[in-house]
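Start counting the sequence shown at 32; every next residue gets the next number (our numbering). Report on the following structure.
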Amino acid sequence: MSESESAKFWLGVLSDLKQRGVKDILIACIDNLTGFEDAIGTMYKETEVQLCVVHQIRNSLRYIASKEVKAFMTDLKRVYRAMTQAEGEGALDELEAKWGKKYPMVLKSWRQNWLALSPFFKYPAEIRKVIYTTNAIENLNRQLRKVTKTKGGFVSETALLKLLYLTITNLSKKWTMPVFNWNTTLSQLAIIFGDRLTQH
């Protein structure tokens with residue numbers, strides 16, 4: 032990985048994906064990484080960018096007093112579990128009215144990131160479950176860190192790449208569970224994205 036995760040770095044990653052045959056990305060769920068959204072907009076102009084809601088929640092909870100986490104989360108759930116964007120914005124207003132003075136940084140973050148957090152509201156529940164978090168990727172990264180952490184060192188970059196390849200190959204054998212209700216989700220994506228889903 033590059034030490035400098037900038038738009039230039041991510042542009043290189045996405046350029047590599049394009050050269051490998053990724054012609055289009057419908058929806059990209061990302062962390063709030065510097066330059067990533069800009070790079071996606073450059074390489075895949077039609078891609079909808081969704082900021083990871085789970086990351087936003089985790090970042091928020093870092094600032095909440097432990098005795099108030101449960102009450103805060105009850106109110107916060109009304110924001111990201113709302114049926115529509117308008118309902119979500121209304122719930123965000125209520126959250127700010129109740130908690131804004133005590134935790135201004137948290138509410139400021141939700142307001143600043145709202146445009147990137149709210150695209151998933153336009154999709155049905157089945158699609159929302161697939162796109163609102165990057166947890167699946169994080170789980171893979173956690174497994175890769177686990178196998179590399181136990182090694183003292185690698186004789187070459189190729190040795191490291193071989194270990195990562197073997198680890199992913201072994202992990203992929205467990206990836207047998209389909210996404211819940213995938214047929215319905217795929218049908219909905221086909222309706223929303225039309226030819227973009229079927230032409231490749």
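Don't be surprised by glycine CBs; every beta carbon is placed ideally from N, CA and C.
May I ask you to report which of helix, strand or coil DSSP gives M32?
Within the sequence shown, numbered from 1, the residue matching residue 32 stands at position 1. Low local confidence applies: a pLDDT of 45 at M32 is under 50, so the model's placement there is unreliable, with the coordinate-based value given in what follows. Residue state, collapsed to three classes: coil.
How many angstroms separate the CA atom of S91 from the CA atom of N172?
Numbered from 1 along the sequence shown, position 60 holds the residue referred to as residue 91. Numbered from 1 along the sequence shown, position 141 holds the residue referred to as residue 172. Computed Cα separation, rounded: 23 Å.
Entirely within the region 91-179 and at least 4 residues each: give me those alpha helix (DSSP H) ranges in chain order.
Annotation note: the region 91-179 contains the following uninterrupted alpha helix (DSSP H) runs of length 4 or greater, listed N- to C-terminal: 100-111, 116-130, 135-148 and 156-162.
How many Å lie between E63 and E120 at the Cα?
To locate residue 63, count along the sequence shown from 1; it is residue 32. To locate residue 120, count along the sequence shown from 1; it is residue 89. This sequence places Asn at residue 63; Glu is not what is there. Using only the alpha carbons, I get a separation of about 20 Å.
For E79, the residue or residues it bridges with in DSSP:
The count along the sequence shown starts at 1 and reaches residue 79 at position 48. DSSP output for E79 lists I58 as bridge partner(s).
Rounded straight-line distance, which links the Cα of E79 to that of M32:
Working through the sequence shown from its first residue, we reach residue 32 at position 1. Working through the sequence shown from its first residue, we reach residue 79 at position 48. Only weak support exists for where M32 lies, its pLDDT of 45 falling under 50; the coordinates are left without a value.
Ends of the alpha helix (DSSP H) at S203?
Counted from its first residue, the sequence shown places residue 203 at position 172. Here the alpha helix (DSSP H) through S203 covers E188 to S203.
Exposure label - F185; buried when at least 16 CB within 10 Å
Along the sequence shown, one-based indexing puts residue 185 at 154. The residue in question, F185, is exposed, as its Cβ has fewer than 16 Cβ neighbours within 10 Å.
Leaving out five residues before and five after A70 in sequence, what residues of the same chain have Cβ atoms less than 6 Å from its Cβ?
The sequence position of residue 70 within the sequence shown is 39, counting from 1. Excluding residues up to 5 positions away in sequence, A38, W41, L42 and L45 lie with their Cβ nearer than 6 Å to the Cβ of A70 in the same chain.
Kindly indicate which residue of G131, F151 and L138 has the alpha-carbon position closest to the one of I223.
As a working note, residue 223 is residue 192 in the sequence shown. Residue F151 is the option with its Cα nearest to I223.
Per DSSP, what kind of secondary structure is G184 in: helix, strand or coil?
Mapped onto the sequence shown, residue 184 falls at position 153. The DSSP-derived three-state label of G184 is coil.
By DSSP, does S37 sit in helix, in strand, or in coil?
Start at 1 with the first residue of the sequence shown, and residue 37 comes out as number 6. Coil at S37, not helix or strand.
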